[in-house]
Amino acid sequence: MAGNSSLICAFLHQLLTVRVMIVHTLVIIFLCINMLLIVTFVKKECFHTSARYILFFVTLLSDSFLLVMTDILLILTRCSVQVWLCIIITLFVLVYSIVTPVTLTAMTLERYVAICMPLRHGQLCSTRSIKYCILIIHGLSSGPCIVIISMFFATASISFYSQYTICSVEMFMLYRWQDHARSAVSQFYFMIMGITIVFSYVQIMKVAKAASGENKKSTQKGVRTVILHGFQLLLCLVQLWSPFIETAVLQIDVNLFRDFRYFNYVLFSIVPRCLSPLIYGLRDETFFLSLKNLMPTSSCSKKHVI
81 MAGNSSLICA FLHQLLTVRV MIVHTLVIIF LCINMLLIVT FVKKECFHTS
131 ARYILFFVTL LSDSFLLVMT DILLILTRCS VQVWLCIIIT LFVLVYSIVT
181 PVTLTAMTLE RYVAICMPLR HGQLCSTRSI KYCILIIHGL SSGPCIVIIS
231 MFFATASISF YSQYTICSVE MFMLYRWQDH ARSAVSQFYF MIMGITIVFS
281 YVQIMKVAKA ASGENKKSTQ KGVRTVILHG FQLLLCLVQL WSPFIETAVL
331 QIDVNLFRDF RYFNYVLFSI VPRCLSPLIY GLRDETFFLS LKNLMPTSSC
381 SKKHVI
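Per the working numbering, numbering through the sequence shown is continuous, rising by one, with the last residue being 386.
Following this line, the structure appears as structure tokens:
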């Protein structure tokens, strides 16, 4: 029996190591792609005055940072850490897990303004307006984090911060009502961003049906972009719901919790963030040409995908 137990433990340890290595590999690949796109954005000044590319740059930075932090968090699920260290890591994860879906919503609104309100696009989506928009995005993204951390600080004892625990957001849920409050905030964000995507899509479809010729072709490209944003945003929004299932799983079995968290991390954290390079790195002709010609003397193409 002792020999069988040792074999089972060895197998589980090897399986966990393989999973972590798979995640490390995926994270490194997507970080390299994101870094290449970031360098492309920085080197081409024509991207610095476009609202859509600036917002795309924000998603690249937030996605890269989140991939690094969640990868660290995944490693920490193998061991217990002090609560104060977990708080620091989780603060960044909570904020930047919301930055991407909020930014995607802003990018969808930008496409809505460009297609449905073209005469006001230059005014509403100017470089100055986008700077304020980025501040608003980070402010809105901090909302769930502020709620969760405030509830935790108000209820946790001083001695709790020096204890060792598995680092996860569930650690902050000391009472049932905190779960309910967290659920309410997540549902509110889910509803607002979902309504925004659906509204933008419906309005763009109306313009697409009325358009003709080159305008129709351009509008149809905008529709496809919004659909991709919608799918990417859906995966990100599903991530808002996965912690509630993880909380229930954690009460059943710790190993099952780790397996479930691994599945959620790959499907709802890594996959949505690999779509950004696809949508703007490959589909956009201007960005794709600049990506192929990473030279100071190369100029930006006038053609681009809406």
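Beta carbons: idealized from backbone N, C-alpha and C, even for Gly.
Residue i in three-state terms, based on DSSP
| i | result |
| --- | --- |
| Ser160 | strand |
| Tyr244 | strand |
| Met253 | coil |
| Cys89 | Only weak support exists for where Cys89 lies, its pLDDT of 41 falling under 50; the value from the coordinates is given anyway. DSSP places Cys89 in helix when its eight states are reduced to three. |
| Thr129 | coil |
| Asp143 | helix |
| Ala236 | coil |
| Lys124 | coil |
| Asp151 | helix |
| Met81 | Here Met81 scores only 46 on pLDDT, less than 50, and its place in the model should not be relied on; the value that follows carries that caveat. Correct three-state label for Met81: coil. |
| Asp333 | coil |
| His384 | Model confidence at His384 stands at a pLDDT of 48, short of 50, so the residue's coordinates are unreliable; what they give is reported in the following sentence. In this structure, His384 counts as coil in the three-state DSSP scheme. |
| Arg99 | helix |
Endpoints, alpha helix (DSSP H) assigned at residue i
| i | result |
| --- | --- |
| Glu365 | Glu365 to Lys372 |
| Pro198 | Pro198 to Leu204 |
Selection from the options that minimises the alpha carbon distance to residue i
| i | options | result |
| --- | --- | --- |
| Cys400 | Ser130, Leu116 and Leu156 | Any property of residue 400 remains undetermined from this structure, which presents the chain solely from 81 to 386. |
| Leu135 | Tyr281, Leu174 and Val182 | Val182 |
| Leu146 | Asn373, Lys372, Phe348 and Glu365 | Phe348 |
| Ala288 | Val306, Gly274 and Ile272 | Val306 |
| Met271 | Phe110, Val98, Ile109 and Thr185 | Thr185 |
| Ser370 | Glu125, Phe172, Leu355 and Arg262 | Glu125 |
| Gln312 | Val265, Pro352 and Phe240 | Pro352 |
| Ile350 | Thr120, His128, Phe172 and Thr180 | Thr180 |
| Arg99 | Asp143, Thr188 and Asn344 | Asn344 |
| Thr245 | Pro198, Arg256, Ser266 and Trp164 | Trp164 |
| Leu314 | His201, Leu355 and Thr120 | Leu355 |
| Leu403 | Ser266, Ser242 and Phe279 | An answer regarding residue 403 cannot be provided, because it is not within the stretch 81 to 386 covered by the chain. |
| Val234 | Tyr212, Gln243 and Trp257 | For the record, residue 234 in the displayed sequence is Ala; it is not Val. Nearest of Tyr212, Gln243 and Trp257 to Ala234, Cα basis: Trp257. |
CB contact flag (residue i, residue j, <7 Å)
| i | j | result |
| --- | --- | --- |
| Ser221 | Ile178 | yes |
| Leu154 | Val103 | yes |
| Val303 | Ile284 | yes |
| Leu111 | Ser144 | yes |
| Val265 | Pro224 | yes |
| Val329 | Phe337 | yes |
| Ala131 | Ile210 | yes |
| Ile113 | Pro357 | yes |
| Gly310 | Ile277 | yes |
Residue i CB to nearest heavy atom of the ligand FAD below 6 Å
| i | result |
| --- | --- |
| Ser160 | The model on display carries no ligand, and the ligand FAD is accordingly not part of it. |
Decide yes or no for the touch test of the segment 158–169 against the segment 191–209: beta carbon pairs closer than 8 Å, at least 3 of them. no
Is it true that the segment 217–234 meets the segment 252–265, where meeting means three or more beta-carbon pairs spaced less than 8 Å apart? yes
I want to know whether the segment 123–138 touches the segment 210–217 - three or more CB-CB distances under 8 Å. yes
Would you call the segment 162–175 and the segment 200–211 in contact, with 3 or more CB pairs under 8 Å? no
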